[in-house]
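Some notes on the structure that comes next.
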Amino acid sequence: MTASPSTIPATDAERRSWGPMIGLFLAQVLMSFNVAALPISLGGMVQDFDVPPTVASSTIVVYGLAVAAFVMTGAKLGQRVGWVLIFRIVVVAFAGSSLIMIFSPNAGWAIAGQFIAGSCAAIIVPALVALITENYEGEQQATAVGSLGSARAFSGLSAFLLGGTLGTLVGWRPIFVVTLALAVAVFALSFTLRPDRGNRSIRIDLVASALIGASIVALSLGFNNLNGWGILLARDTAPFSVLGVSPAPILVVLGIILGQLFFLWTRGRMRAEKVPLVDLSVLGRPSERAAVYAMFIIVAMEAAVNFTVPTYIQVVQGRTPFDTSLAMMPFNLTVFVTATLIVRFYRRFSPRAIALAAFGLTTGALVWLAFVVTNNWETLPTILGLIVFGMGQGALVTLVFNVLVTAVPKELAGDVGSIRGTTQNLASAVGTAVMGAVLVTILSAGIATAVEAHPELPQDIAEQAGLDRANFISNQALEERLAETSATQAQIEAAVGLNEEQRLRTLKIGFLILAGVSAAAAIPASRLPRYRGSETA
316 MTASPSTIPA TDAERRSWGP MIGLFLAQVL MSFNVAALPI SLGGMVQDFD VPPTVASSTI
376 VVYGLAVAAF VMTGAKLGQR VGWVLIFRIV VVAFAGSSLI MIFSPNAGWA IAGQFIAGSC
436 AAIIVPALVA LITENYEGEQ QATAVGSLGS ARAFSGLSAF LLGGTLGTLV GWRPIFVVTL
496 ALAVAVFALS FTLRPDRGNR SIRIDLVASA LIGASIVALS LGFNNLNGWG ILLARDTAPF
556 SVLGVSPAPI LVVLGIILGQ LFFLWTRGRM RAEKVPLVDL SVLGRPSERA AVYAMFIIVA
616 MEAAVNFTVP TYIQVVQGRT PFDTSLAMMP FNLTVFVTAT LIVRFYRRFS PRAIALAAFG
676 LTTGALVWLA FVVTNNWETL PTILGLIVFG MGQGALVTLV FNVLVTAVPK ELAGDVGSIR
736 GTTQNLASAV GTAVMGAVLV TILSAGIATA VEAHPELPQD IAEQAGLDRA NFISNQALEE
796 RLAETSATQA QIEAAVGLNE EQRLRTLKIG FLILAGVSAA AAIPASRLPR YRGSETA
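Following this note's numbering from start to finish, the sequence shown increments by one per residue and tops out at 852.
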């Protein structure tokens, strides 16, 4: 049996100081902390700028769209200019975006600051992969790749704890002093990286850049607005409609078409021996395509859980973001630890075996959660379920990324980074939006059926309370709605009980659906490489 050259044991490869990796780790922390800090800052921005929440939340939207739209172009720009130089430039620009957030006089400046941050992240994402492959080999490279996955979990946890504390006690602006300090530290540590030179002969394919950028933006906007604009028929909140059809599915279809045009164009350039925006040879083998499919499923599942749990805790239970961070701490800590330690198993087990075992853990954990979850997240069975899910999640995030990185030569590492960035951003949008749409649909159907089965709750009372427009609301909010109607106290209690019952039922079904997705992931996982880390080419 043969294996990728990347599986050379660390003893046969040059060992380097971990100093450069500290800077790269903090660069991942910088991006992830910024993303996690934005939701925490929304309330403060709404108050400071005197704007609706939808305007303040545009900071999140423009950041995500900038990353998704420009990441492939950013990878090619890094190859042309040189990864170390472009890395330093965008880290300085990211620091500038933090200063804009700290001193922004209005929402427009804050939105511009996050557009700059997202554009910088679009270059940092592929740069991290390219710089890791340039600075580390063998086991050190596998460990470095794993640290990027653990950095995301660490950042989410620290952003909720540190950002939540600062936002509560001081205000939202000091949160971005943290990102500014991180950017300064990353810039200083960048001088420990091996110097490299760009290839000025590389030309950026602007047609492909426009196609993939427009495709990702259309897909992201479409999926993110399935709930707000309508899954099929346009709702009143939709900006426009086409013969009554919601623009959300139209954008999804348009994004798919543009994506197909991008692949056709890129294959044509490769046949003509011209430099493509991304070299599709990095996905030339079934095992590499399987790794991308598995990565998409992993990130989508993580996004779905990260949407479901905070929504339930904050909206249904009416608790604070700080409470949410405490509830998610077992999951985030487990992802962080597992993503770091899983590389120790590469010598004994193949990527295929690890992936199948990890998807088995996530599937089992989700089924377990579906049966044990209650309205109280602090129960031991629920915490155990989140811990087991985090073990599988952490192992998978590191594993599939490592399979991609180690399967290609160093000069294509930036292309792998851009594919990783595109996959993760798109999967996050799809996981969050689809899970939200599924949960609301199940909740709506469940409440409609339950109202018919409860004669003590008349249809007119249910309509006055808005139960026919089902969404996740707390018991207190529902009681306040019903208090404004002609409902009796008995009817109010019946409505609250019905809503509580259906919310929990919906949550359980949601976990079962995710378990089915996780089980189906065994198909791409079974096509991952069978080599072990101790086997060399």
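All C-beta atoms in this analysis are idealised placements derived from N, C-alpha and C, irrespective of residue type, glycine included.
Exercise. Closest to V703 by CA distance: which of A673, V614 and E693 is it?
Worked result: Answer by Cα proximity: A673.
For this session: List the DSSP bridge partners of L714.
Result: DSSP, once it has assigned bridges, lists no residue as partnering L714.
For this session: Assign L477 to one of three DSSP states: helix, strand, or coil.
Result: helix
Exercise. Pairing CB atoms from the region 385 to 404 with CB atoms from the region 724 to 731, are three or more of them under 8 Å?
Worked result: yes
Problem set entry | Coil, strand or helix - L843 by DSSP | coil
Exercise. Relative to the C-alpha of R395, which residue among S419, G513, L345 and S372 is closest?
Worked result: G513
Exercise. Applying the criterion that 16 or more other CB atoms from any shown protein chain within 10 Å of the CB defines a buried residue, is N539 buried or exposed?
Worked result: buried
Exercise. L353: which of M336, I337, G428 and V720 sits nearest, CA to CA?
Worked result: G428
For this session: Using a threshold of 8 Å, state whether the C-beta atoms of L595 and V607 are closer than that.
Result: Going by C-beta atoms, L595 is not nearer than 8 Å to V607.
Problem set entry | Cut-off 6 Å between Cβ atoms - residues of its own chain near Q739, not counting five sequence neighbours on either side | V614
Exercise. Hey, which unbroken runs of the alpha helix (DSSP H) at 4 residues or more fall wholly within the region 535 to 613?
Worked result: 541 to 544 and 562 to 586
Exercise. Candidates A668, S665 and V620: which alpha carbon is nearest F826's?
Worked result: V620
Exercise. Quick one: what does DSSP say D511 is sitting in, helix, strand or coil?
Worked result: coil
For this session: Return the CA-CA distance between F430 and V377, expressed in angstroms with no decimal places.
Result: 5 Å
Exercise. So, using beta-carbon positions, are A466 and S347 closer together than 8 Å?
Worked result: yes
Exercise. Which same chain residues, not among the five before or five after V568, have their C-beta less than 7 Å away from its C-beta?
Worked result: none
Problem set entry | Beta-carbon contacts of T326 that lie in its chain and below 6 Å, excluding the five residues immediately before and after | Low local confidence applies: a pLDDT of 42 at T326 is under 50, so the model's placement there is unreliable, with the coordinate-based value given in what follows. Excluding positions up to five away in sequence, the list is empty.
Exercise. Is the region 581 to 590 in contact with the region 515 to 529, if contact means three or more CB pairs nearer than 8 Å?
Worked result: Note that the region 581 to 590 touches the region 515 to 529; at least 3 beta-carbon pairs, one per stretch, sit closer than 8 Å.
For this session: Would you mind working out which of G812, E808, L843 and A744 sits nearest G537, comparing C-alpha positions?
Result: Nearest of G812, E808, L843 and A744 to G537, Cα basis: A744.
For this session: Rank V444, R796, G461 and A459 by C-alpha distance to the C-alpha of K725 and give the top, closest one.
Result: V444
Exercise. Anyone know if the C-beta pair for F611 and A742 falls short of 8 Å?
Worked result: yes
For this session: For S505, count neighbouring Cβ atoms within 10 angstroms of its own Cβ and tell me buried if that reaches 16, exposed if not.
Result: buried
Problem set entry | Per-residue burial, A835 [other beta carbons within 10 Å of its own, 16 or more giving buried] | exposed
Exercise. Given that a residue counts as buried once 16 or more other Cβ atoms are within 10 Å of its Cβ, and exposed if not, what is T677?
Worked result: buried
Problem set entry | Other residues of its chain near T713: CB distance less than 6 Å, five sequence neighbours each side excluded | G461, G464, A654 and I657
Exercise. Closest to A437 by CA distance: which of L476, G379, L579 and A685 is it?
Worked result: G379
Exercise. When you compare only the Cα positions, how much space is there between R796 and R663?
Worked result: 59 Å
Exercise. Comparing alpha-carbon positions, which option in E603, L579, L754 and F502 lies nearest S839?
Worked result: A small correction: the amino acid at residue 839 is Pro; Ser does not occupy that position in the sequence shown. With distances taken between Cα atoms, P839 lies closest to E603.
Exercise. CA-CA distance, T494 and Q362?
Worked result: 22 Å
For this session: Starting from the N-terminal side, write out each stretch of the alpha helix (DSSP H) that is 4 residues or longer and does not extend beyond the region 349 to 399.
Result: 368 to 371 and 373 to 396
Exercise. Once you ignore the five residues that flank V492 on each side, which residues in its own chain have a CB closer than 7 Å to its CB?
Worked result: Excluding residues within five positions, the ones whose Cβ falls inside 7 Å are I417.
Exercise. What residue range is occupied by the uninterrupted alpha helix (DSSP H) comprising G423?
Worked result: A422 to N450
Exercise. If you draw a straight line from the alpha carbon of T851 to that of G453, how long is it in whole angstroms?
Worked result: With a pLDDT of 39 at T851, under the threshold of 50, the modelled position of this residue cannot be trusted; read the value that follows with caution. Using only the alpha carbons, I get a separation of about 10 Å.
Problem set entry | Beta-carbon separation (whole angstroms), A442 vs S412, contact threshold 8 Å | Rounded, the Cβ-Cβ distance is 16 Å, inconsistent with contact.
Exercise. Starting from A830 and walking both ways along the alpha helix (DSSP H), at which residues does that stretch end?
Worked result: Q804 to A835
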